[in-house]
Structure formats: structure tokens, C-alpha cells
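Trainee:
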Ligand SMILES: Nc1ncnc2c1ncn2[C@@H]1O[C@H](COP(=O)(O)OP(=O)(O)OP(=O)(O)O)[C@@H](O)[C@H]1O
Ligand SMILES: Nc1ncnc2c1ncn2[C@@H]1O[C@H](COP(=O)(O)OP(=O)(O)O)[C@@H](O)[C@H]1O
Ligand code: SF4
Ligand code: SF4
Ligand SMILES: [Mg+2]
Ligand SMILES: [Mg+2]
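Chains as they are written, first to last, in the working numbering: chain A, 21 to 305; chain B, 460 to 811; chain C, 57 to 389.
1. With DSSP collapsed to three states, give me the class of residue 180/C.
2. According to DSSP, is residue 306/C part of a helix, a strand, or is it coil?
3. Does DSSP put residue 483/B in a helix, a strand or coil?
4. Step through the CB atoms of chain C and report whether any lies within less than 8 Å of the CB of residue 752/B.
5. When you compare only the Cα positions, how much space is there between residue 281/C and residue 192/C?
6. When DSSP builds the beta bridges, which residues end up paired with residue 505/B?
7. So is the beta-carbon of residue 313/C under 7 Å away from any non-hydrogen atom of ligand 4?
8. Rounded to whole angstroms, what is the Cα-Cα separation between residue 218/C and residue 300/A?
9. Taking CB distances under 8 Å as the criterion, tell me whether residue 190/A reaches chain C.
10. Using DSSP's beta-bridge definition, name the partner residues of residue 132/C.
11. Please list, in chain order, the chain C residues whose beta carbon lies closer than 7 Å to that of residue 675/B.
12. Contact between the stretch 275-292 of chain A and the stretch 47-66 of chain A is defined here as three or more beta-carbon pairs at a separation below 8 Å; is this criterion met?
13. For the putative contact between residue 277/C and residue 198/A, defined by C-beta atoms under 8 Å, what is the C-beta separation to the nearest angstrom?
14. Counting only Cβ pairs nearer than 7 Å, list the residues of chain C close to residue 802/B.
15. Evaluate residue 139/A with the Cβ neighbour count: other Cβ atoms within 10 Å of its Cβ, from every protein chain shown; 16 or more gives buried, anything less gives exposed.
16. Going by other Cβ atoms of all chains shown within 10 Å of its Cβ, with 16 needed for buried, is residue 265/A buried or exposed?
17. Under 8 Å: do the stretch 335-345 of chain C and the stretch 80-95 of chain C share three or more Cβ pairs, one atom per stretch?
18. Between the Cα of residue 717/B and the Cα atoms of 795/B, 676/B, 681/B, 780/B, which residue gives the shortest distance?
19. May I ask you to verify whether the stretch 494-512 of chain B touches the stretch 576-592 of chain B, counting CB pairs closer than 8 Å and requiring at least 3?
20. Can you give the Cα-Cα distance for residue 731/B and residue 709/B, rounded to whole angstroms?
21. Return the CA-CA distance between residue 167/A and residue 129/C, expressed in angstroms with no decimal places.
22. Residue 217/A by DSSP, collapsed to three states: which one?
23. Going along the chain, which residues put their C-beta within less than 5 Å of some heavy atom in ligand 4?
24. Below 7 Å, is the gap between the Cβ of residue 732/B and the nearest heavy atom of ligand 3?
25. Indicate, with yes or no, if ligand 3 has a heavy atom lying under 7 Å from the CB of residue 123/C.
26. Could you give the first and the last residue of the continuous alpha helix (DSSP H) run that contains residue 94/A?
27. Determine the DSSP secondary structure at residue 153/C, reduced to helix, strand or coil.
28. Quick one, what's near ligand 3 if you take every residue whose CB is closer than 5 Å to any heavy atom, in chain order?
29. May I ask you to report which of helix, strand or coil DSSP gives residue 247/C?
30. With distances taken between CB atoms, is the gap from residue 310/C to residue 375/C smaller than 8 Å?
31. Would you tell me roughly how many angstroms separate the C-alpha atoms of residue 725/B and residue 328/C, rounded to the nearest one?
32. Pull out every residue of the stretch 200-221 of chain A whose Cβ sits closer than 7 Å to any Cβ of chain C, in chain order.
33. Is it true that the stretch 752-763 of chain B meets the stretch 784-798 of chain B, where meeting means three or more beta-carbon pairs spaced less than 8 Å apart?
34. Could you tell me whether the Cβ atoms of residue 680/B and residue 660/B are closer together than 8 Å?
35. Run through DSSP, which three-state label would residue 264/A get?
36. Please confirm whether residue 107/C and residue 289/C have their CB atoms less than 8 Å apart.
Have a look at this one:
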């Protein structure tokens, strides 16, 4: 239907916003909010100091005292998993946000101007995506040296391309709509057309991709941590935790399993939120 | 040309699969009675077409005109039972006196595409882009005739030739994207004609085309109708197209037929205020740059159709009764039927 | 052409698009191919007149419109606006030109940003061009909405809340907000139903009268073009084949293509059947335009000369200008 009578008043907008949310989105939002709380206030929530040794309870299995058990130094796994939330959530954000900003800007400009910039961009993309993502990131980390900051740099160097590609395609699709031409005929500046008109209509898939990318960043960060290229022990980080537990996988399974579950749940939360956001951002009508 | 081919190798193959051509003049070929189609569930039931009745005689071309969203396409689709999947269809669709609305899918398939064929509104999307044109015609021939492979190929070439595609034999192996819009529409017609249908449902067959190509396609349909005694229901929103091709016209508004009659009656002496408005807003034979007659407002949306006459909010001749009661299609003097409490003539004073 | 009184003066405007090479083209090292969409268009727009442009789809109507407002860079030819060359040198010049020469688009669904309310759309246009001070803008928005007969509460609504006809009114209001001198309407009403078409056409005619607008009305509906235009240009494969006053061109077209085109338009009078035979064949591809007169492959009057030399647009007594070698004979027949 092309014609929808304007029944609802604006003040119901917020109400409608919530009404339009899908159950999956609410579950996802809940997971991410809880994760965020854990990440922001681990010291209030974690039952023990994550680095305190307790040699009376070495490798004790999950129990009333230690819900997730303890490791070979008697550190409480639950507390370590909770403290790791700060590192891993930070990782999700910092490893992706620069890729997002750089990629969106470059993609929007290239998609709008095309021409020579598009040729150069095409070469860049080809150069970067011919290598497997992980291999490239590991190569950059190897050059810069291990550590969280270098890992962020490495992921951004490679990751912006995916955002830029998506953005470029989306902007080009939007350009086919006459409202972009209308903007030009109205004499608006290029930056106004790109950022005020095209971008808001083109950003949705990028936001959705960003959500999945944050989940991937956690996985990637954990993998690098596991390989010793990301966060460095004794810092509590899920990848590091899993790596620490790998030698005891038969005797103390909880050491690797619990951080693994945390990764899965958080990743799940991100993709649910991604889908929900896509739903909400879709223009109505 | 067509007659020749159908009398030679084709006939033999075809007779066995198809019932005898319907030639009775007394009974209509298609008799649609109280057809209603609605979408959605009880709480939010949207009546797309509402109590539509009309007939089509053998060899007759019936025009179905009306604004976008008035239900023209849904009417055609409901005749073929294509709306059953997503809507409820009530009423009778009597095809040679058999009710198609209660037929099983198996029986319907026998009629669809062979006795009744349809051309869809978008010529682009109704051809499969991955199959050659030849293959798509062949598919239809295989389904509805018992011709041999080589006979089918010969027939395909004849059909493309018939719809005016030059060097038809060479173009069988081309893909749809290699044809222009007008040629694609002709291919669609060729496919529809493969089974020599007795009724052709044409949904805006020329809307996407240019006037010069439109003229060719309309001439083609007229020719076929005359030579094969094929009936046609032609949906269009262009009154010019209807005027030039149809024998009778049915005007549709808000899912109902509001006026039905012979083409000259409807176009010269329309009586329903909507038909009058539609006709008068066409800028033909009016002083250049003068103000065109225009109906105020826009058609009602499906969700809030008025209780009484659907047209009442826009009708210059509306009376109080129109808001509460719904007018039914009734014989109006001559050969026309009109659904209106206060029929007008095109020159009458209160519409201006 | 000594003194030029026309508001917009176009000479020899040509435009071509490069075809993206396919993989085979690259492998076989074929030379780049070009679609020649406009081939030497000459036009004059006098102040206050409506010039209709008609032709089959793909003949270059939209490309012409887009070239005129600078959506495509000028490749070849000259556009004079108020006797000044429009070469779009600086952004400021381009912006000023666009303020004075506005365009409206065919598709009412894609020509408005789906995320901006009508008020925002108009506000943006008014403030970017500083048409009014910030405090006067709301008042002006109301005026504009009145002008195109939209209710004032429309300002708070998003485009999807309007019907096609209402959206075209919004597009008209947006174009008028910058107080242009020329409006270029590319198939403004083609997507609308007849009764709504009439509403929008009436509005356009009324506004033209009141605001003294000059309009280039591009459409494929001949009845409408005849109704709104003072003069009409018929385009075939990117060239004007006939141009003249609306009355004489429709009453007595000379060029064989104009004749075929006008004849093909179905009349709403069932007894006014076509007398002439329909055109055979289809519009040739602008990728390889026939030599000589581009129409010779479909023209019933073609002779040897038509295949060899391209006819120029020439004035013919009692008619407009016609590009046909046999115009004189055809005028007599
Ligand atoms: N599946 C569906 N569910 C709900 N409503 C539908 C559905 N299909 C069509 N409609 C509605 O039914 C009405 C009639 O549609 P239909 O396609 O028959 O119009 P039409 O007269 O053919 O218009 P047009 O000239 O634009 O082709 C419209 O209001 C349309 O929105
Ligand atoms: N950006 C483009 N790239 C390549 N070809 C184009 C482009 N725009 C238009 N064309 C071609 O130019 C011709 C004229 O197009 P257009 O001006 O839109 O026609 P009209 O408006 O008369 O229907 C068509 O053949 C079309 O395919
Ligand atoms: S019934 Fe009444 S409202 Fe409906 S068309 Fe007739 S006069 Fe108008
Ligand atoms: S120049 Fe020749 S081919 Fe062209 S229109 Fe005139 S008669 Fe026909
Ligand atoms: Mg339809
Ligand atoms: Mg166009």
C-alpha cells in the first residue's frame, strides 16, 4: 500500500519504537546489557579477586564456593571470566570502531565519486582480500609485536576494507534513487548529499555487519590471545583463559569451557541485536 | 498464416488433450458470479474485490478499466485461482458452465495455460531470464500439446513469426535479455498462444511499451481474437486502449464494478459519476491549457473503504443515501448496467 | 541568429555514455563502445512558454533533461541561460544556475529522501539557498504547501505517508521553494492515474500562470503534451526531427515519424480508428545509429538520399522546423 493515513501522533513514537522490537532483539539487548554491566563493574560483581591465588583450592571443580571452579593456581574461574568481560567487550568495540569509521568514510566517498578513486580502491581491496584475514592480521601483529594495541591496529588495517566495500555498494545503490539527483539539482554540496542524504539511507547494512563484526572481533581477539599474540597473561581474557586451560582439558574441563560459553553467548547477543537493529532502521512504508 | 498452421500438423495432436472448442452462442464462455477475494484474517479482513459479476462471450474482448489499486489484476488472478494461496475467494467462476472456484488443482491445471492463458503486467519479470526463449515456448507446448520434438520446434518458430518477431528461427536460442521490452511482451504472447487458448487474460499488456509498439501489440491481439475466435479480458487503465480494442467495457472502482456496457455506450454516454470523471480527465478534445476536469481526492485504501458507496467521498453527485447504502449493479435502460443511486449524463449540470 | 531573446538557448548539444566493457571486450581488446544518446540538439525556450518534448522511450528525453540541469557534465555543445554561457565553472555558479533552473523527476517514490519529513525537505532547500531568514522559514513552508494544495500538517510527515500524486506535489513545492525561472519536468505525471494526473497538470498550469514560469515538459503521453505545451519537439534517436507550435504540429505533423507517433496514440473515440499502417520494426539501438536519416529503416517515404545524408532541421512555411529530405512533398500530400 502506498498511502497510509497519518493516524499516530509523534508523541507515541517512542512507544512504537518498543512495540516494533522483535523478541529476539530484546533477548539480544538483554545479553549485551548484562555483558556491558559485567564489563564496567567487574570488581562489584566478581566474587573473588581474579588474580588471588588460593592454594587450598587448586583445580577444584565447580562447587558452591567456586561456581565455575578454579585453576591450577587456585584462581576463581568465574571471577576471571567476569573480569575478562572488560577486556573482551573493549576488544569488540576498539577492534572494530576504527574500521567502521574509516571504511564508511572511504566507502561513501568512493561510491559517490567513483572514477579514478574507484580504481585505486579496487586495487586496495584486491590486494587485501586475496590473503586470508587471520593470516594478514597475524602478519601485521608479527611486525608490530604482540599486545592489545597492536592487535587493534592490525585488525583495523585489514578490516576497514570490508566496511568500505559494503558502504560503497550501498551508496551506489542509493545513488540510483532520484533523491540523490534531486539533491544535486537543488545545488546542495557533495558533503551534504553524501552525509545528510545518502548515508542515513545506506548505513543499515553496515550497522548490521558491525554487530556481527564485533562478535567476530571477540573471537579473533580470543584466538590471538590463545596464540599469545593478543592480550598477554596474566591478564584475564577469554582466549588467554582457554589457552591456559588447554593442558588440563581432560582433568579440569571447566577452565576452557566456561570462557568458551561466555564467547558464544556474547556473540549470540551481538547477532540478535544486529538483526533487530536492521529491522528498526528499515524505513517504513 | 495462423489458420494454416493450426489446421496442418497441430490439430491432430491437440484434439485429444483438449475439449471441443466452445461455440455455443447462447451461453457465455466465462460467467463470473459474485466473485469476492479478500486478504488477511477475520480481524483485519481486506476485501480486494467485492461481489464482482460479469460474462464474456466467445470471441468477445472485454475491457476492465480503473485506477491503480482498484482490483483489476486481482480479478484476473482470482478467475484463474491464483489468489487462493494467499486470499479467500468466494463466488462462482463458471468456465463453460463448470465452476472453477471449486475445482481441484489438477483440473485447474488442465484449464490454466491451455484453455485460458494469461499475460502478466511486467514483461520483464514474467520470463525466466536463465532459459532461452525457445525453451520457454517449448515448455508450454510440451505441457499442452502432444507434438513431437521437431514439430514443437517448428511450431515455436511459427508462433514467434506470428507475433511478428523477425528471423524467428534464429532467435529461438536467444535469452530474454537479448530482446527489447516490446519483443519480450510479444514472446509472452507467443507463449500464451502456444496452446491456442479460448480465453486470453491480458493484464496491461502494453502499459510498459511505447505507443508505436503498443499499436503493434494491440493490432496483434485484435487479429488473433478475430481469426481464432479467441475471447480476451483486457485490463488497462488507458481509456484509449480500451476504446480501440474492446467490444465491452467494465469500469472498476474500489474493488467493485461500477458500470458495464458496450464500448460506445460507456465512452459516449457514461452514467456513473466515476466513469464520467475518468473520461473527462482525459485531455482529449478540450481547449489547450484549459483546466482539466479532475476528481477531487484519491481512491480509498483497502483498509478503510467507506460503508456506503465507495465513491461517495469523491462524488460530486453524492446524496445522503450514498453514505449509508451500497448501490448494486443494475440494468440501466439501454444495454448498460450501473451501480449508482444518482446516475448522471456527461453533460448534466451538477457535475462540473 | 542575431539577437537572442530566449531564456534558454541550446545549440548542438550531444551526449554519449561509455559502455562498460564486458570481459570478452577486454580479452579481445575491442575498442570502447559509446551509446550516442543525444546527437546535436538545438532548442530555444522563450520566457513563460511551455515546450513539450515527446519521443519513444530510450530516445534521450531524460538525458536531455539531465544535461540541461547539469546532472551530466556538458560534453559537447553550448547552453546559454539569459545569454550567458553555462559551462558550470565553479560550484557557486553551478549552484546559482540550479537555483534558477529546477528539475522534477519521474518516479514519485524515489525522488524524495525517505527519512526526511516534508518540512525538513523544504527547510533544507530554503536555508541552503538563503531564500528566507531562519525565522521566516516556517511561514514560507506553509505558503509553499498552500501553493501546491497540500494540507499544512503535511510538513511533519514522511514521504511514505503520501500518495503518488501528493509526492509529486511535494517535489513541485521543493522545486518552487528556490524560486526558479525554469522548471524541467521529466515525466512528472507518468506514474500517476489519470484523475490524479489531471490534478497535478492543473496545478502546474496554474502555477505557471501565476509565477511566470518557463517549463520544459518531457512526457511520452501525447495527449498531455498537447494539452500543456505551447510548442512541441519530437525526438527520434537523440535528434529533434520536428519542432513547432503545438497546434500545427498535432493538427498537421509533417515528419513521417511524428505522423506515425501521433497516429499510434489510441483515441478515446472508438470510431476514430487509425488510418495509417503502424510503424514496423523497433527503435534502432543508439549504439549504432543508422547512417543518413536515422529513421530511414522504418520510414515509408525513404529514398536513396535518406540513407546517405542526414537531413537538417529546416523551417517550412506554415509549419515548424522539420528534419526530413522530403518535407516539402510530404507537406503537400
Ligand atoms: N497479497 C495481497 N495482500 C493484501 N492486499 C493485496 C494483495 N494483493 C493486492 N492487494 C491489494 O488489492 C487491491 C487491488 O490490487 P490489484 O493489483 O488488483 O490492482 P490493479 O487494479 O491491478 O492496479 P494496477 O493498475 O496498479 O495494476 C490493491 O489495493 C492492492 O494493494
Ligand atoms: N548512465 C547511462 N549509461 C549508459 N546508457 C545510458 C545511461 N543513461 C541513459 N542511457 C541510455 O541512453 C538512452 C536514452 O535514455 P533516456 O534519456 O533515459 O531515454 P528517455 O528518457 O527518452 O526514455 C537509452 O538507450 C539508455 O539506455
Ligand atoms: S451512488 Fe451516490 S456516491 Fe456513489 S456514485 Fe452514485 S451518486 Fe455518487
Ligand atoms: S529523410 Fe527520408 S527517411 Fe528520413 S524521415 Fe524524411 S523521408 Fe523518411
Ligand atoms: Mg494491476
Ligand atoms: Mg525517461
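All residues carry an ideal CB built from backbone N, CA and C; glycine is no exception.
Mentor: So, from the listed chains and residues:
1. helix
2. helix
3. Caution applies to residue 483/B, whose pLDDT of 49 falls short of 50 and renders its modelled position unreliable; the model cannot decide the point.
4. yes
5. 37 Å
6. 498/B
7. yes
8. 21 Å
9. no
10. 70/C
11. 334
12. yes
13. That pair is no contact at about 19 Å.
14. Here the premise fails: no neighbours, minimum Cβ distance about 19 Å.
15. exposed
16. buried
17. yes
18. 795/B
19. no
20. 12 Å
21. 51 Å
22. helix
23. 312/C, 349/C, 351/C, 352/C, 355/C, 357/C, 358/C, 362/C, 367/C, 380/C, 381/C, 382/C
24. yes
25. no
26. First-last for residue 94/A: undefined, no H or E at that position.
27. helix
28. 732/B, 768/B, 770/B, 771/B, 774/B, 776/B, 777/B, 781/B, 786/B, 799/B, 800/B, 801/B
29. coil
30. yes
31. 15 Å
32. 201, 202, 204, 205, 206, 207, 208, 217, 220, 221
33. no
34. no
35. helix
36. yes
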